[in-house]
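Protein chains in written order, with this note's numbering: chain F, 1 to 465; chain Y, 1 to 188; chain C, 1 to 457.
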């Protein structure tokens, strides 16, 4: 609120991050400082996450031995973990792509936060390889592969592993300039294995043009691959396993809800970076406000896609369509659906509609945390429903399959997988500066504070590339 | 105290800002004048103006009214004429949601526009003082000056390079707002 | 913005008011040609009313033909206004300024044109009127809200009302400018419509806030409108119609065709009104980049519709899909959809050189709309031709000369109404153009001058 001093009004503090005022030297020192210095809580968190990961792996092995490798139902929560990580961790790099495409200025501190999650792509890749054997071949069941050779295994593997590879490539290439800075600034002449990979980058004009184009094209390719991969996962791991499940919108819904998860991951990570990661000068109201708007829009899209998936069979009213609605929405997994709907749609709508909350830093964090929980409930709903029918070769659902609720081992598997992702990202932050030094430096050159008659204004450059 | 409107016309923003500064020197502050221009300038260019409006409330009120009307029409017609069509329940919620949504949005839009007109203090077909050159690009500084300070306001505006200064024929019998610092409720 | 020149105020006003103050030669040609087509349209409609629906190609089970396809098409075109105006306003994209009002006006007239089609299509629209007014409430007969055909008018009416109000409120400052510069009957008209607008700071603050609020509201409405239009088809159990993807598919297709139509409009405004200084190559560059994303999203939904119709291997769905891919004229339409709708324009739009080529942008935008009209036909008609399982109930729809004339008439009606609008109100927002000039700055980075903008939060 404005304050009154001597009859003159003092305007509200600028929502722009303080880091825009830094010199390039300050940005470099700050970025490298965050690389080198890690507090006690960092180590403790890493140890806890490592323990949870190991427990998750043990739970997976125990589950497999106790229940047998062959029963698909017992792999339901491995599938939940896989689907959840694909819908959150794997979607996070898409946020930086959207920001670069629209040439927004606020995205610069966020880009590396979104890209760094690609470091965890090994986890869904491994889970996919484990799950592949639970998915039956294409004979006798609906499929999008139309009898292609080695379908669905080969093509699903190409997509999932290709996505993981593309994510790593995107992270590496966008980090080259910062790794080169870290290499150049190392005092005792030693450099870790990753910074040595940036040898040869000296920041010439042509190198910068190559980096910019490579990041732009790789990013666009990543998003296209992500949508394709999620479409195929939705078809092969969910739709094909529920007899007679007819819904052309479902794969799109699965991908869009993933984007919502990706934004939520970035917001939560940015919040932690701000509070405990020493990046409070980089992550201001400007970033959270912009991300909150995107979160709100994706929440509305989430509801829209769920609505179309529901209302068409509701109007069709054929017996198998009613069973489909009862299985996925209003009977078998009712409470999972309610939690997902409330946290992924109602909560963003109600809380982020208020400008005051949307412009703050806590509001987006609370909403995004809710989205992450809601998305987990949603993936439990979908993968449990898909992995529970016994006979997938039937042409239609004739009865509702039993509900498969998670047991202790299932929860440990899911928590272990998520912990593994977080641990990998934290390790990646030890070698790759977050936020990006080179993007912030570029941003400071395109921004100025200027006197415009009786007011100081912020001016943002819009170069035409 | 009687107020008289005085309009100073400037050909560019620099002289208009100079005029605003000169007015401050003679004790006419931001809340006593408004700037008329053919397009908005960056906020604060003529000094910070703390006008508030309740435009944000109008769509909310409209949405509530539209929601209620939508519910009445869709729910009411289904209850009053209970006929099963296509095997759907007598009281079918999904179709109601669609029409209630449209009703909500329609009323929100209508109320927003009405609110914009109302909050802009329109329609107002009679004006005490105005100059059509404002729409051509001139900047007008419209001062609501107490009667005893009209001459100093005119002199200040002319000194800053006003191309034309006009006074309204009539005064308005309003109580002049005290300076914001002295208003009740202002925070220190 | 890089190519913007700082033009004197009076020059901007005079040039942007050219359509209002003068009728150029091309406008006269436009009025005459379009008027002639509209006369033929009127004649065709009157002919159909007099002789009945039998003069068209409609026959069971294909009771929806060219006119309904055209209805869907024009609802689609109407999405340009909201896309360009609302979304770009909310994201504070500067390049929207010269295009926003024209796109919104095109939306308004597209909607009006679309709304006439279901009425004409009934063959006896006066019966529609007296079925609706007065409604037989005395016997407790109400519209069945469960029907998509009741939801549809509510949605289209909401969208049309919202668009008209949006255009009006954002045009008030320009109407005030016209009020201050005109005489005679125009002065009286503008005086009433301007409501006494005085260009005060409070009024500008409300204008800006209202623009944001209405943009957010219209965005929500625009998604629902074309979704509800798609539900006219998907709520039934017809093969290939009864699918959940049609709602977002129709919306994204509408954005694709609408934004392409906006490109066509931008080029025509440059050519007819001489708006070269205001509608510049950078605007085509920006809109081309947007179109690449939209077109690719459209292609994704098209693939979803095809793949997941075949996914369940339902015999009837498979048979209709086979017909769409293998039989004339659907094979030709499929080629038009893919080639004109995506595989020619999008690879061209990937290159900056081509995006800034105005003639190329014009022809690719026309191509897209040929492809999109074909797509609407390809989606709607085959499902009807094979609606029932028994072969004696099958039919081949062939449009007659009456329907073709009616469709041509709709393509003349929208630009005709747009030109009429341009004679009364400026098609490019003068005050928004000036606002852009006031907010324009420059940042020096070494030897380069980067165009910049004042950013308000």
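All C-beta atoms in this analysis are idealised placements derived from N, C-alpha and C, irrespective of residue type, glycine included.
Residues that residue i contacts on chain C, provided the C-beta gap is smaller than 7 Å
i	result
residue 445(F)	445
residue 460(F)	452, 453, 455
residue 161(Y)	What residue 161(Y) touches in chain C: nothing, since even the nearest Cβ is about 18 Å away.
residue 214(F)	Under the 7 Å cutoff, chain C gives no residues; its nearest Cβ is about 16 Å from residue 214(F).
residue 119(Y)	206
Per-residue contacts from residue i into chain Y (C-beta, under 8 Å)
i	result
residue 317(F)	86, 87, 88
residue 314(F)	94
residue 151(C)	95, 98, 99, 102
residue 145(C)	73, 74, 77, 78, 92, 95, 96, 99
residue 458(C)	Nothing can be reported for residue 458(C): it is not among the residues displayed for chain C, which extend from 1 to 457.
Proximal residues of chain F, C-beta to C-beta of residue i below 9 Å
i	result
residue 42(Y)	452, 453, 455, 457
residue 13(Y)	453
residue 17(Y)	453, 454
Inter-residue CB distance, residue i and residue j (contact presumed, cutoff 8 Å)
i	j	result
residue 154(Y)	residue 165(Y)	5 Å
residue 4(Y)	residue 167(Y)	6 Å
residue 45(C)	residue 406(C)	6 Å
residue 308(F)	residue 248(C)	7 Å
residue 471(F)	residue 88(F)	Only positions 1 to 465 of chain F appear in this structure, which leaves residue 471(F) out of reach.
residue 134(F)	residue 147(F)	Not quite, the Cβ-Cβ distance comes to about 21 Å (not below 8 Å), so this is no contact.
residue 364(F)	residue 259(F)	Not a contact, Cβ separation roughly 16 Å.
residue 122(Y)	residue 100(Y)	That pair is no contact at about 31 Å.
residue 95(F)	residue 262(F)	6 Å
residue 123(F)	residue 417(F)	6 Å
residue 225(C)	residue 75(C)	7 Å
residue 372(F)	residue 215(F)	With a Cβ gap of about 27 Å, residue 372(F) and residue 215(F) do not count as contacting.
Interface residues of chain Y facing residue i [CB-CB closer than 9 Å]
i	result
residue 350(F)	The contacting residues do not exist; residue 350(F) stays about 13 Å from chain Y at best.
residue 438(C)	13, 37, 39, 40, 41, 42, 45
residue 85(C)	By Cβ distance, chain Y contributes nothing, its closest Cβ being about 14 Å from residue 85(C), past 9 Å.
Cross-chain neighbours of residue i in chain F, by beta carbon under 7 Å
i	result
residue 47(Y)	454
Under 8 Å by beta carbon: chain C residues contacting residue i
i	result
residue 1(Y)	The premise fails here: residue 1(Y) is roughly 22 Å from chain C at the closest Cβ pair, so nothing lies under 8 Å.
residue 34(Y)	200, 201, 202
residue 130(Y)	198
residue 251(F)	304, 308
Contact list for residue i against chain Y, beta-carbon separation under 7 Å
i	result
residue 158(C)	102, 105, 106
residue 431(C)	38, 39
residue 435(C)	39, 40
residue 107(C)	Chain Y residues near residue 107(C): none, gap ~14 Å exceeds 7 Å.
Chain-ordered neighbours of residue i on chain F, where CB pairs are closer than 8 Å
i	result
residue 313(C)	142
residue 248(C)	249, 252, 304, 305, 308
Under 9 Å by beta carbon: chain C residues contacting residue i
i	result
residue 136(Y)	9, 10, 13, 177, 180, 181
Complete alpha helix (DSSP H) runs within the stretch 19-88 of chain Y (minimum length 4 residues, chain order)
57-80
Three or more C-beta pairs under 8 Å: does that hold for the stretch 208-228 of chain C against the stretch 107-117 of chain Y?
yes
Chain F contacts from the stretch 231-243 of chain C (Cβ-Cβ distance under 9 Å)
231, 234, 235, 236, 237, 242, 243
Tell me, please, whether the stretch 102-114 of chain F touches the stretch 145-157 of chain F by the rule of three or more beta-carbon pairs shorter than 8 Å.
no
What are the uninterrupted segments assigned as alpha helix (DSSP H) that are 4 or more residues long and contained completely in the stretch 81-151 of chain Y, given in chain order?
93-119
If you measure beta-carbon to beta-carbon, which residues of the stretch 301-312 of chain F are closer than 9 Å to chain C?
301, 304, 305, 307, 308, 309, 310, 311, 312
Which whole runs of the alpha helix (DSSP H) in the stretch 59-125 of chain C are 4 residues long or more, in chain order?
66-77, 79-82, 100-121
Near-chain F residues of the stretch 93-104 of chain Y - C-beta to any C-beta below 7 Å:
94
Tell me which residues of the stretch 229-247 of chain F have at least one Cβ-Cβ distance to chain C shorter than 9 Å, keeping chain order.
231, 235, 239, 240, 244, 245, 246, 247
Ranges of the alpha helix (DSSP H) found wholly within the stretch 95-120 of chain F, counting only runs of at least 4:
108-115
Suppose only complete runs of 3+ residues qualify. What are the beta strand (DSSP E) ranges in the stretch 257-291 of chain F, listed by chain order?
none
If contact is defined by three or more beta carbon pairs under 8 Å, each pair taking one atom from either stretch, is the stretch 240-249 of chain F in contact with the stretch 304-314 of chain C?
yes
Could you name each continuous alpha helix (DSSP H) segment of 4 residues or more that falls completely within the stretch 154-199 of chain C, going from the start of the chain to the end?
184-194
Count Cβ pairs between the stretch 76-96 of chain F and the stretch 410-418 of chain F that sit closer than 8 Å; are there 3 or more?
yes
Quick test of the definition: if touching needs 3 or more C-beta pairs under 8 Å, does the stretch 440-451 of chain C touch the stretch 43-58 of chain Y?
no
Under 8 Å, CB to CB, which of the residues in the stretch 202-223 of chain C have a partner in chain Y?
202, 203, 204, 205, 206, 207, 208, 209, 210, 213, 214, 217, 218, 220, 221
Contact between the stretch 430-447 of chain F and the stretch 26-33 of chain F (3+ Cβ pairs under 8 Å):
yes
Residue ranges of each alpha helix (DSSP H) within the stretch 219-298 of chain C, 4 or longer:
246-273
At least three beta-carbon pairs within less than 8 Å, the stretch 374-390 of chain F to the stretch 235-243 of chain F:
yes
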